[in-house]
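Colleague:
Residue numbers (the numbering used here), protein chains in the order written: chain A, 13 to 319; chain B, 19 to 315.
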């Protein structure tokens, strides 16, 4: 890469152009070498039979084109992981976003006192270490001594085998994830709500609109760009589900919480089917891209205008 | 829109917003109801953490009695003593501090340099290059892990702190965050320094960096916390338990000590307390980072 080929600016002449290169190079080289190029290499790797022997000596790997993907399509475990991940994203994602929005609306009410205090408390779970809170929740979910079942008993309800049943394991992970994460999107929604012009509310009030109508016809349209941003970033994050099942269930019971990322980890880093693992990782990337594009397509008209 | 113009959520709305002037029974009733709901949510947010602290102070075995106790009786520090005296958690604490510290310092340097260059230097294809880098926000980090692991293996960096630190030294998000902020610095300021004969590095070091102080604090808090909490990559790279960071060590410990509820709660407290305290002391900066990242999309 020649310097002059990259930087031919006009601000400050040749010295400044060289400076621009010097400032950009370390960061861009690091990002390229540790992230962007490996991501591309991942696709190439997924076309090979790279395995434990190739880990020892890469010349043992051969190109097998799409056979890893064909093998994945025939592997029930892959479909289970895909189904579980989509369950987590499509159920957990919307629940998480709606909870965030609801709490943000409450917290932005003009009647609230100690707003900063509540905001801090709601946000605290976000900054905690995921592995640590997953360990804590594992004990809260304990069918015999856990506080959740103690609470259900106190209400006269039957106990639930939270992480031990194939039906409840994924909802349990969703519940913990919502608890840990709702504060993050809440902050973004609060900033979005502050951008809604107050006189729009006043005008709607004068026209006789109730609180619910004001929310749907004034708040929601103004919030549409924020909503789109939040739903895309939340989806991207939820697709990467890994630590919760790794710590709490190891993908069980009966693979009910095996996620695509966890399956990639066990195939690639535990069984050393590296080519196969790369194919799974690439499926994850494809899901992310398709999900983002679909949401951008489905956005309501006028969203891009920034209202 | 420049980052500097974005209102922080800690804004002085308490003063801007008209508070209800006269006592109105309808409003008073709604205010009380609202605060009951807010307090209930606060209780739910805090309860798991409060129980964690409480159970970490319980004598071994007493958390798993029926009905489950809410408070330690008697209070004991034995679990913490066990962690540091016999399980060598201090070692993992040191590893985590070292890794998160190195990542924070280097990402401050490299992201601020790249973000400044993207904001203030003209060169062909600059904006196209920037958009290409931003595409990285849509790539799950797991996609890069296997090839990166093979690369690090060739470089003999597997099972080293360097291997953990390397992928986080410069990030797409950090470069983006700094660029948005630097766009708000007037060009005249930098040009005046150039006229005075200041070199480019001097301008960056003595003018740009001090002006960027708020966003650099934001970035530092963000990066330190995500490095401290990071799990999957350290789990992949570190094979020797002497090199484990806290989350990796904790995940490992929780498989060996499933029955020791109180001990595991103490280990969880040690793992998340540093980041929780950091957040509480610097939350203004942290929360600003979220809204800054959210503006441009």
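The C-beta atom is built at its ideal place from N, Cα and C for all residues, glycine as well.
Compile a chain-ordered list of the residues in the stretch 111–141 of chain B whose CB is closer than 7 Å to at least one CB of chain A.
Modeller: Taking 7 Å as the upper bound on Cβ-Cβ separation, chain A lies near residues 128, 129, 131, 132, 134, 135, 139, 140, 141 of the stretch 111–141 of chain B.
Colleague: Measuring alpha carbon to alpha carbon, tell me which of 137/B, 132/B, 294/B, 91/B ends up nearest residue 41/A.
Modeller: 132/B
Colleague: With a cut-off of 8 Å, does the C-beta of residue 246/B fall near any C-beta of chain A?
Modeller: yes
Colleague: Could you pull out every unbroken alpha helix (DSSP H) segment of at least 4 residues lying fully inside the stretch 18–71 of chain A, listed in chain order?
Modeller: Counting only runs of 4 or more, we get 25–43, 49–57, 64–68.
Colleague: Does residue 265/B get closer than 8 Å to chain A when you measure Cβ to Cβ?
Modeller: yes
Colleague: Among the residues of its own chain, which have a CB less than 8 Å from the CB of residue 150/A, if the five just before and after it don't count?
Modeller: 175, 259, 260
Colleague: The alpha helix (DSSP H) spanning residue 301/A covers which residue range?
Modeller: Judged by DSSP secondary structure, residue 301/A falls within the alpha helix (DSSP H) whose first and last residues are 286–310.
Colleague: Considering just the uninterrupted stretch of the alpha helix (DSSP H) at residue 100/B, what are its terminal residues?
Modeller: Here the alpha helix (DSSP H) through residue 100/B covers 96–103.
Colleague: For the alpha helix (DSSP H) holding residue 150/A, just list the boundary residues, first then last.
Modeller: 142–152
Colleague: What whole-angstrom Cβ distance do residue 138/B and residue 229/B have, given they're in contact under 8 Å?
Modeller: Going by Cβ atoms, the distance from residue 138/B to residue 229/B rounds to 12 Å, so no, they are not a contact pair.
Colleague: Closer than 7 Å by beta-carbon distance: list the chain B residues that pair up with residue 48/A, in chain order.
Modeller: 154
Colleague: Report the CB separation of residue 202/A from residue 122/A in whole angstroms; it is logged as a contact under 8 Å.
Modeller: Contact flag wrong, Cβ pair sits at about 13 Å.
Colleague: I'd like to know whether the C-beta of residue 48/B is nearer than 8 Å to at least one C-beta of chain A.
Modeller: yes
Colleague: Considering just the uninterrupted stretch of the alpha helix (DSSP H) at residue 109/B, what are its terminal residues?
Modeller: For residue 109/B, the enclosing alpha helix (DSSP H) covers residues 107–138.
Colleague: Rounded to whole angstroms, what is the Cα-Cα separation between residue 158/A and residue 227/A?
Modeller: 39 Å
Colleague: When you check each C-beta in the stretch 250–276 of chain A against every C-beta of chain B, which residues fall closer than 9 Å?
Modeller: Along the stretch 250–276 of chain A, going in chain order, the ones with a CB nearer than 9 Å to a CB of chain B are 251, 252, 254, 255, 258, 259, 262, 272, 273, 276.
Colleague: Just how far apart, CA to CA, sit residue 152/B and residue 155/A?
Modeller: Rounded to the nearest whole angstrom, the CA to CA distance from residue 152/B to residue 155/A is 45 Å.
Colleague: With 9 Å as the limit, tell me which residues of the stretch 76–103 of chain B have their beta carbon closer than that to any beta carbon of chain A; keep them in chain order.
Modeller: 81, 82, 83, 84, 85, 86, 88
Colleague: Please list, in chain order, the chain A residues whose beta carbon lies closer than 8 Å to that of residue 289/B.
Modeller: 141, 143, 144
Colleague: Could you have a look at residue 200/A and say whether DSSP puts it in helix, strand or coil?
Modeller: Residue 200/A falls in the helix class under three-state DSSP.
Colleague: Taking 8 Å as the CB-CB limit, is residue 99/A close to chain B?
Modeller: no
Colleague: Between the alpha carbons of residue 260/B and residue 109/B, how many angstroms are there, rounded?
Modeller: Between residue 260/B and residue 109/B, the C-alpha separation is close to 7 Å.
Colleague: Label residue 304/B either buried or exposed according to how many other C-beta atoms from any shown protein chain fall within 10 Å of its C-beta, with 16 as the threshold for buried.
Modeller: buried
Colleague: Could you name the residues that DSSP lists as bridge partners for residue 75/A?
Modeller: In the DSSP output, where bridge partners are listed per residue, residue 75/A has 60/A.
Colleague: Taking only the alpha-carbon atoms, compute the straight-line gap between residue 169/A and residue 188/A and give it to the nearest angstrom.
Modeller: 20 Å
Colleague: Rounded to the nearest angstrom, what separates residue 230/A and residue 213/A at their Cα positions?
Modeller: 7 Å
Colleague: Identify which residue in 299/B, 291/B, 310/B has its Cα closest to the Cα of residue 115/B.
Modeller: 291/B
Colleague: Give a yes or no on whether 8 Å exceeds the smallest Cβ distance from residue 233/A to chain B.
Modeller: no
Colleague: Whose C-alpha, out of 80/B, 92/B, 60/B, 143/B, is nearest the C-alpha of residue 129/A?
Modeller: 60/B
Colleague: Evaluate the contact criterion for the stretch 233–250 of chain A versus the stretch 94–110 of chain A: three or more CB pairs, one atom per stretch, below 8 Å.
Modeller: yes
Colleague: Compare the C-alpha of residue 101/A against each of 309/A, 235/A, 198/A, 296/A and name the closest.
Modeller: 296/A
Colleague: Name the two residues that bound the continuous alpha helix (DSSP H) containing residue 248/A.
Modeller: From DSSP, the alpha helix (DSSP H) with residue 248/A extends over 232–251.
Colleague: Taking the C-alpha atoms as reference points, what is the distance between residue 319/A and residue 51/A?
Modeller: Since pLDDT at residue 319/A reaches only 32, below the 50 mark, its modelled position is unreliable, and no value is offered.
Colleague: Just checking my contact of residue 266/B with residue 179/B at CB under 8 Å: how many whole Å lie between their CB atoms?
Modeller: At roughly 12 Å, the Cβ-Cβ gap does not stay under 8 Å, so residue 266/B and residue 179/B are not in contact.
Colleague: In angstroms with no decimal places, state the Cα-to-Cα distance between residue 237/A and residue 308/A.
Modeller: 10 Å
Colleague: If you reduce the DSSP assignment to three classes, tell me which class residue 33/B lands in.
Modeller: Residue placement at residue 33/B is poorly supported in this model, since its pLDDT is 42, which falls under 50; the coordinates are not used for a value here.
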